[in-house]
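Residue numbers (my numbering), protein chains in the order written: chain B, 129 to 475; chain H, 129 to 475.
Beta carbons are placed, not taken as given, at the ideal position from N, Cα and C, and that holds for glycine.
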DNA sequence: CGGTTCATTTAAAACGTTATAAATAGGCTC
DNA sequence: GAGCCTATTTATAACGTTTTAAATGAACCG
C-alpha cells in the first residue's frame with residue numbers, strides 16, 4: 129500500500145509556515161492537483177488516495193486558505209447579516225444569528241455582521257457588499273413594500289433573504305412572521321378581557337409589517353365593534369421616553385385607551401411606565417398584549433400577556449432558504465411564513 | 129505630457145468584469161506595477177503619474193480586490209470583535225462598535241463580528257481566528273484575571289485589545305472602566321441618601337471587574353461603617369427571573385437591604401420588580417444606583433440613579449489602541465482607563 | 001501488438017495583488 | 001561621448017488555490 133511517501137524528497141518544501149496543499153502534496157507524494165481534488169471529494173480520485181489525503185490533512189491540521197480560494201473561485205463563503213442599531217437592542221440580532229449559525233453548520237459559510245451606523249437606510253452597505261463582492265449572500269430585515277435594497281439585489285441577481293415581505297411583483301425569497309394574526313389575536317384578547325378601547329403601537333409606517341399589524345388589529349376591533357385608536361405620534365422605533373411621555377399624556381386625557389397591543393417589548397415597558405404616572409395599574413385599569421422576542425419583558429412584568437415570535441427559528445429558516453437560493457434551486461419553497469403560537473392563560 | 133495613453137493597444141484586456149489593476153494599466157499606459165505603486169502612494173512614483181492614476185481609478189471606480197491583497201500580503205484588513213450573547217442585550221455591542229467604527233474610519237480595516245454561541249468561553253473562536261488568520265486584530269471583553277484568551281494571544285504575538293484588565297504580569301493593551309470608582313461612588317450615594325444596608329449585584333466572580341466593583345463597594349461601606357451584604361446566589365448574567373425571585377425572597381426576610389448597587393440596567397429592572405412584590409417603592413423604601421449604558425433604564429424608571437459608562441468612547445479607544453498595537457508602536461499608551469462621570473442630582 | 005478505451009494522476013495556467021530585482025532614460029561629471 | 005548617478009518605470013515571480021488540458025498506464029479488443 130501507499131503507507132510511506134513515495135519519492136517526495138527533491139521537492140522545494142515551503143519554509144515551515146502554515147500547511148498548504150503543497151505541504152500535503154510533499155507529504156503524500158501526490159501532485160497538488162490531486163490533493164486538492166481528493167479534499168474536495170472529486171469523483172475521479174481513487175478511494176484509497178482520497179482516504180490517505182484526508183488522513184494526512186487531518187493529522188497536520190490542514191485548513192484551506194480562504195483568501196486563495198476566494199481569489200480563485202470568486203466565491204467568498206461569507207454570508208453577511210445587516211443589522212440596524214434598533215435591532216440589537218434586546219438581542220434581536222443574537223437570536224436571529226443563533227438560528228442562522230445553526231442552519232450554516234456543515235456548510236463552508238461564515239457569518240459576518242455588518243452593523244449599520246449613520247445612514248438610516250443600509251442600501252449603501254448593500255451596494256458596497258455587492259460591488260466589492262464581500263459576500264455570497266445577504267440577510268436583512270426592516271423590509272419595506274418597495275424596498276430599494278430588494279430592488280437592487282434583484283436587478284443584480286444577488287442572493288438574499290429578507291425578514292418580511294415586499295409588494296414587488298417579482299417574487300423573491302423571504303421569511304416572515306404572520307403579523308396579521310399576531311395583531312388580530314392580541315386585540316381580540318384585550319377585548320375578551322373586557323377592554324373597551326384598544327390601541328396599538330406600530331412600527332414606522334414605511335415598513336411592510338406595519339400594514340400587516342394594522343390590518344390585523346383593525347379586523348379584530350371591527351369584528352367586535354369596539355372603539356379604538358391608533359396613535360400617529362409615536363412608533364416602535366421612537367425614543368423610549370417619547371413613547372412613555374406620549375402614553376402618559378394620553379392617559380391624562382378623556383377617553384384614554386384601556387388596552388395596548390405592543391409590537392415590541394421595549395414599547396410595552398414604556399407604556400407601563402407612562403400609565404403608572406397616573407396611578408393606573410397593569411391588569412387592573414388596563415391590559416397589554418405584546419410581542420415577545422426575549423425573556424426581558426415577561427420576567428420584569430409577568431402581568432403582560434405576550435405572543436411569541438421565535439427569532440431563532442426565523443434565523444434558521446432564513447439560512448435554509450438562502451442556501452437554497454445560492455445553490456440555485458428554483459424559487460419554490462423560498463417564501464416562508466411563520467405562524468405565531470398563541471398560548472394565553474385561561475381566563 | 130502623458131495625457132493620452134501611450135501605445136496601450138496590443139494588451140490582452142480582461143474580458144469586461146470588475147476593473148482591476150490591469151484595467152488601469154491599459155487605460156493609463158503604465159505597467160501594472162506602476163499603477164499599484166501609484167495607488168499606494170509609493171515614494172518613487174512621479175507626482176504626475178500618481179495624480180493621473182488616481183484620477184482614472186476614481187473615474188472608473190476601481191476598488192482593490194481584498195482577496196488578492198490578502199493572499200499576497202498575508203494581511204486581512206479585518207478587525208474581529210468577539211461578542212457574547214450577554215452583551216448584545218441592551219446594545220452593548222452596538223455602542224462599542226459605533227465607537228470602533230469611528231476609530232477605524234480612514235483606515236483600510238473592516239469590522240467583522242464573531243458572535244459566540246454554544247461554548248461559554250470564546251477561546252475556541254480566538255484560536256480559530258489566529259490559526260486561520262481570519263483577522264489582523266481582535267477585540268473582546270469579559271476579561272478574567274488570568275484570561276486564557278489573553279495568554280494565548282500574547283504567546284502567539286497576535287494584536288488584541290480587551291475590555292477590562294487581567295492580573296497577568298506581561299503588560300498588554302486594554303481599555304477599562306474604573307469600576308472601583310463606580311461602585312465606591314454608587315455605594316456612597318446610597319449611604320448619603322440615608323440607606324442603612326447597601327448591597328451590590330456583581331458580575332460572575334471569575335471576571336476581573338467583579339473584584340474591582342466589590343473592592344469599591346467595600347471601601348465605601350467600611351468608610352461609612354454601615355451594614356451591607358453581598359449575595360452569592362445571583363450575578364449580572366443570571367437569568368432575569370432568578371434575580372427578580374431572589375430579590376423578592378430576600379425582601380421578605382428580616383434585615384433586607386435598602387440600597388442596591390446594580391452593575392447593569394437589566395438587573396436594576398429585575399430588582400425593582402422583585403421589591404415591588406412586597407409593596408416596596410423605589411425612592412421611598414429603597415434606592416438603586418445602577419450603571420447606565422443605554423437609555424432604557426432611565427427612561428423606564430427615572431427614579432433610578434445612574435452612573436454612566438460611555439461604551440461608544442470605549443469602542444473608540446479600543447480601536448485607537450488596536451491600531452497602535454498593529455502598527456507596532458511601543459506598549460506605552462496602550463492601557464487606557466476611563467473614569468466614570470458622576471452627576472447625581474443635588475440632594 | 002498497435003490501437004482504443006478507461007481510470008487516475010499530473011503539469012501548467014490563472015485569479016489580482018505586491019515584492020524583488022532589473023531596466024530605462026535623463027542629467028551630470030570628467 | 002563614455003561613465004555614472006538618480007529618478008522613474010518595468011518585467012517577473014510569487015501568495016495558495018482551482019480549472020483546463022494533457023499525460024500516464026493498465027486493460028481490453030481486434
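Looking at the strands, I want to know which residues DSSP matches up with residue 326 of chain H. Translated into positions along the second chain, residue 326 of chain H becomes position 198. The partner list for residue 326 of chain H (beta bridge, DSSP) reads H:387.
For residue 395 of chain B and residue 344 of chain B, which I take to be in contact (beta-carbon distance under 8 Å), what is that distance rounded to the nearest angstrom? Here residue 395 of chain B refers to the residue found at position 267 when the first chain is read from its first residue. Here residue 344 of chain B refers to the residue found at position 216 when the first chain is read from its first residue. Between residue 344 of chain B and residue 395 of chain B the Cβ distance is about 17 Å, and since that is not below 8 Å, they are no contact.
Would you please verify whether the beta carbon of residue 367 of chain B is less than 9 Å from any beta carbon of chain H? Taking the first residue of the first chain as 1, we reach residue 367 of chain B at position 239. It does: the Cβ of residue 367 of chain B has a partner Cβ on chain H nearer than 9 Å.
Do residue 358 of chain B and residue 328 of chain B have their C-beta atoms closer together than 9 Å? Here residue 358 of chain B corresponds to residue number 230 of the first chain, with the count starting at 1. Here residue 328 of chain B corresponds to residue number 200 of the first chain, with the count starting at 1. Closer than 9 Å, so yes.
Specify the secondary structure class of residue 85 of chain H as computed by DSSP and reduced to three states. Only positions 129 to 475 of chain H appear in this structure, which leaves residue 85 of chain H out of reach.
Do we get a CB-CB distance below 9 Å when we pair residue 403 of chain H with the residues of chain B? Here residue 403 of chain H is taken as the residue at index 275 of the second chain, counted from 1. Judged by the 9 Å Cβ criterion, residue 403 of chain H is not in contact with chain B.
Taking C-beta pairs closer than 8 Å, name the residues in chain B that residue 423 of chain H reaches, listed in chain order. Position 295 of the second chain, counted from the start, is the residue given in the question as residue 423 of chain H. Here the neighbours are 367, 368, 369.
Less than 8 Å separating the Cβ of residue 168 of chain B from some heavy atom of the ligand FAD? For the ligand FAD, the structure offers nothing, since it holds no ligand at all.
Quick one: is residue 420 of chain B near chain H, going by C-beta distance under 9 Å? By one-based count along the first chain, residue 420 of chain B stands at place 292. Not an interface residue.
Chain H contact for residue 241 of chain B (CB, 9 Å cutoff): For the purposes of this step, residue 241 of chain B is taken as the residue at position 113 of the first chain. Chain H contact via Cβ: present.
For chain B, is any of its Cβ atoms less than 9 Å away from the one on residue 284 of chain H? Against the second chain, residue 284 of chain H aligns to sequence position 156. With respect to chain B, the C-beta atom of residue 284 of chain H has no partner C-beta closer than 9 Å.
Do we get a CB-CB distance below 9 Å when we pair residue 146 of chain H with the residues of chain B? For this step, residue 146 of chain H is matched to residue 18 along the second chain. For residue 146 of chain H, the answer is yes, since a Cβ of chain B falls inside 9 Å of its Cβ.
Test: residue 151 of chain H CB closer than 9 Å to a CB of chain B: To locate residue 151 of chain H, count along the second chain from 1; it is residue 23. It does not: the Cβ of residue 151 of chain H has no partner Cβ on chain B nearer than 9 Å.
Have a look at H:331, H:148, H:305, H:287 and flag the residue whose alpha-carbon is nearest the alpha-carbon of residue 440 of chain H. For the purposes of this step, residue 440 of chain H is identified with residue 312 of the second chain, where counting begins at 1. The option with the nearest alpha carbon to residue 440 of chain H is H:305.
Measuring straight from C-alpha to C-alpha, what distance separates residue 397 of chain B and residue 472 of chain B? The residue given as residue 397 of chain B occupies position 269 in the first chain. The residue given as residue 472 of chain B occupies position 344 in the first chain. Whole-angstrom Cα-Cα distance: 19 Å.
Buried/exposed call for residue 172 of chain H, threshold 16 Cβ in 10 Å: Here residue 172 of chain H is taken as the residue at index 44 of the second chain, counted from 1. With fewer than 16 other Cβ atoms within 10 Å, it is exposed.
Have a look at H:452, H:214, H:462, H:412 and flag the residue whose alpha-carbon is nearest the alpha-carbon of residue 322 of chain H. Within the second chain, the letter at position 194 stands for residue 322 of chain H. Ranking the options by Cα distance to residue 322 of chain H, first place goes to H:412.
Can you tell me where the beta strand (DSSP E) holding residue 422 of chain B begins and where it ends? Looking up residue 422 of chain B in the first chain gives position 294. First-last for residue 422 of chain B: undefined, no H or E at that position.
Strand pairing of residue 463 of chain B, partner residues [DSSP]: Here residue 463 of chain B is taken as the residue at index 335 of the first chain, counted from 1. Answer is B:302.
Cα-Cα, which of B:225, B:317, B:426, B:356 is closest to residue 368 of chain H? Walking along the second chain from the start, residue 368 of chain H turns up at place 240. With distances taken between Cα atoms, residue 368 of chain H lies closest to B:426.
Those runs of the alpha helix (DSSP H) which lie wholly inside the region 176-206 of chain B and span at least 4 residues: With a minimum length of 4 residues, the continuous alpha helix (DSSP H) runs that stay inside the region 176-206 of chain B are 194-201.
Label residue 317 of chain H either buried or exposed according to how many other C-beta atoms from any shown protein chain fall within 10 Å of its C-beta, with 16 as the threshold for buried. Counting from 1 along the second chain, the entry for residue 317 of chain H is found at position 189. Result: buried.
Have a look at H:276, H:184, H:204 and flag the residue whose alpha-carbon is nearest the alpha-carbon of residue 153 of chain H. If you number the second chain from 1, residue 153 of chain H lands on position 25. The shortest Cα separation from residue 153 of chain H among H:276, H:184, H:204 belongs to H:184.
Three-state secondary structure (DSSP) at residue 213 of chain B? Residue mapping note: residue 213 of chain B aligns to position 85 of the first chain, counting from 1. If DSSP states are grouped into helix, strand and coil, residue 213 of chain B belongs with the helices.
Could you work out which residues of chain B lie near residue 233 of chain H, taking near to mean beta carbons separated by less than 8 Å? Stepping through the second chain from its first residue, residue 233 of chain H is reached at position 105. Neighbours of residue 233 of chain H on chain B: none; closest Cβ ~10 Å, over 8 Å.
Whole-angstrom distance between residue 251 of chain B and residue 181 of chain H, CA atom to CA atom: Locating residue 181 of chain H in the second chain gives position 53, counting from the first residue. Locating residue 251 of chain B in the first chain gives position 123, counting from the first residue. Taking the straight line joining both Cα atoms gives about 29 Å.
Is it the case that the Cβ atoms of residue 333 of chain B and residue 355 of chain B are separated by a distance below 9 Å? Your numbering for residue 333 of chain B matches position 205 in the first chain. Your numbering for residue 355 of chain B matches position 227 in the first chain. Contact flag unset, no.
Close-in-space but distant-in-sequence residues of the same chain around residue 449 of chain H (CB under 7 Å, 5 per side omitted): Counting from 1 along the second chain, the entry for residue 449 of chain H is found at position 321. The residues are 289, 301, 303, 462, 464.
Meets three-Cβ-pair contact criterion under 8 Å: the region 228-242 of chain H and the region 274-290 of chain H: Contact check between the region 228-242 of chain H and the region 274-290 of chain H: fewer than three CB pairs, one atom from each, fall below 8 Å, which does not count as touching.
Unbroken stretches of the alpha helix (DSSP H), 4 residues or longer, contained in the region 227-276 of chain B: 251-259
Whose C-alpha, out of H:212, H:403, H:372, H:393, is nearest the C-alpha of residue 386 of chain H? Along the second chain, read from residue 1 onward, the residue named residue 386 of chain H stands at position 258. The shortest Cα separation from residue 386 of chain H among H:212, H:403, H:372, H:393 belongs to H:403.
Just to make sure I have the definition right: I need the residues of chain B whose C-beta is within less than 8 Å of the C-beta of residue 308 of chain H. Which are they? The residue you call residue 308 of chain H lines up with position 180 of the second chain. Here the premise fails: no neighbours, minimum Cβ distance about 29 Å.
Continuous beta strand (DSSP E) stretch holding residue 434 of chain H: start and end: Numbered from 1 along the second chain, position 306 holds the residue referred to as residue 434 of chain H. Residues 433-436.
How is residue 357 of chain H classed by DSSP in three states: helix, strand or coil? Position 229 of the second chain holds residue 357 of chain H. Three-state result, residue 357 of chain H: strand.
With contact counted as at least three CB pairs below 8 Å, one residue from each stretch, are the region 200-207 of chain B and the region 261-277 of chain B in contact? yes
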